[in-house]
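Report on the structure given below.
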Amino acid sequence: MPVRFPSLEFFQALQQRTKQDHEVFEKLGYCDTRFGVRIGDTLYSISFEIYECVEVGLGGDPAQLDFVLAAPEALWKEMIESIRKHAGAGIDHSLNTLTHLGDVMKVQYEDSEGHDKFYRYMATIQEFFDQARHLDVIVH
């Protein structure tokens, strides 16, 4: 079933993928974080416990999140298209590249622990987004 990006349904579909592809997430190690994804002006909140995404939501208080990944909608769309094309983010569209080179994606956080959690769990968070390779995504 097609799912539109960006949308809450997209993140709910990714959440379901963490359960369906449990072995992949288990190999990456435990992940305990609550973070945000800001796409343009819209904030989505995502919670991971142990090896899976346990909650996704629309909105939330950024101060209650460990960190927020913030970027223009066009950049997020490019990343999702790259994931669909390459069965995972291409080197130019990985979270690591986007948050380091050119500072096109911002990692926003209230304290150093939130900043640390982004880097500690980056592989799991990247795989979370890379699970879009299994979805029929309609990028709007």
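Going by our numbering, the letters in the sequence shown line up with residues 17 to 156, in that order. Cβ atoms here follow ideal geometry from the backbone N, Cα and C, with glycine treated the same way. Note that the coordinates shown come from a computational prediction; the quantities given were computed from them, not determined experimentally.
Other residues of its chain near residue i: CB distance less than 6 Å, five sequence neighbours each side excluded
i, result
"Val53", "Tyr60 and Leu85"
"Leu114", "Val120 and Met121"
"Tyr46", "Ile66"
"Phe134", "Phe83 and Val123"
Residues bridged to residue i (per DSSP)
i, result
"Arg50", "Ser63"
"Thr58", "Ile55"
"Gly73", "Ser61"
"Arg20", "Ile154"
With 16 other Cβ atoms within 10 Å as the buried cut-off, status of residue i
i, result
"Gln147", "buried"
"Thr140", "buried"
"Ala103", "exposed"
Inter-residue CB distance, residue i and residue j (contact presumed, cutoff 8 Å)
i, j, result
"Arg100", "Arg20", "No, Arg100 and Arg20 are not in contact; Cβ-Cβ is about 13 Å, not under 8 Å."
"Val153", "Ile66", "That belief does not hold up - the Cβ atoms of Val153 and Ile66 are roughly 26 Å apart, past 8 Å."
"Val72", "Phe64", "Contact doesn't hold; Cβ gap of about 10 Å is too wide."
"Ala105", "Ser98", "5 Å"
"His116", "Tyr125", "Rounded, the Cβ-Cβ distance is 15 Å, inconsistent with contact."
Straight-line Cα distance separating residue j from residue i
i, j, result
"Val155", "Asp127", "33 Å"
"Glu89", "Gln31", "20 Å"
"Phe51", "Asp82", "5 Å"
"Glu94", "His109", "7 Å"
"Thr158", "Glu68", "Residue numbering for the chain in the displayed model covers 17 to 156; residue 158 lies beyond these limits and cannot be assessed."
"Arg136", "Gln142", "12 Å"
"Phe27", "Gly76", "15 Å"
"Leu151", "Thr58", "22 Å"
Same chain, Cβ closer than 8 Å to residue i, neighbours up to 5 away in sequence not counted
i, result
"Ile107", "Thr113"
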